[in-house]
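Data first, discussion second: the structure below is written as structure tokens.
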Amino acid sequence: MILSLLVGAAVASAAPKIDPCKGSTTPEVNACLAGSLDRSKARLEKYLQAALHRYGEDTESAVRLGIQASQNAFEAYRSIECATVSENWKTGTIRGAMNISCETALTDERTHDIWANWLQYMDRTPPILPEPRPTK
């Protein structure tokens, strides 16, 4: 009995991992990609708040105001860019996946930009948050 459990576990661990975003239907794929986008947006918010916190509670701080303004501009850009990607694919069922993938990629890039510009120090002090990696 124990041997069969060990063999079963070994076979299961040797089995190839299935990408959950490679579903068999468009709604399955879109739902999976939407989950990735949600995680990406949550991480962006975490990094943004850390950057704003680093530059104090002074709402008149030029750096803080610049970070907020660039975030607003980013959100407008992401919306227009990804809507245009969706428009390009409007005749196919893939348009939703293309739009969500566009939003996720741009959100991940923005998170990395915030980390690179606002959450690191000039000396060897470790960054406030770890370097973000693309969302899966």
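So the sequence shown is numbered by the working numbering: it starts at 7 and just counts up by one.
A virtual CB, placed ideally from N, CA and C, is assigned to each residue, including glycine.
Going by DSSP in three states, residue i sits in which element: helix, strand or coil?
i	result
ILE134	coil
TYR83	helix
GLN74	helix
GLN126	coil
ARG41	Reading off the sequence, residue 41 comes out as Gly, not Arg. The answer is helix: DSSP assigns GLY41 an H, G or I state.
TYR61	coil
ALA31	Reading off the sequence, residue 31 comes out as Thr, not Ala. Correct three-state label for THR31: coil.
GLU93	helix
ARG49	helix
What's the C-alpha gap between residue i and residue j?
i	j	result
GLU109	PRO138	16 Å
ILE120	PRO33	32 Å
PRO140	LEU54	16 Å
THR31	ILE73	40 Å
ALA48	GLN126	20 Å
SER107	LYS142	11 Å
SER92	LEU112	14 Å
ALA79	LYS28	33 Å
Quick one: is the Cβ of residue i within less than 8 Å of any heavy atom of the ligand PLP?
i	result
ALA89	Summarising the ligand content, the structure contains no ligands, and the ligand PLP is consequently not present.
**Prompt:** Is the number of C-beta pairs between the region 41–56 and the region 93–103 that are closer than 8 Å three or more?
**Reply:** The region 41–56, when compared against the region 93–103, does not touch it at the 8 Å Cβ threshold.
**Request:** At 4 residues or longer, and completely inside the region 95–125: list those alpha helix (DSSP H) runs for me, N to C.
**Result:** Runs of the alpha helix (DSSP H) inside the region 95–125: 101–124.
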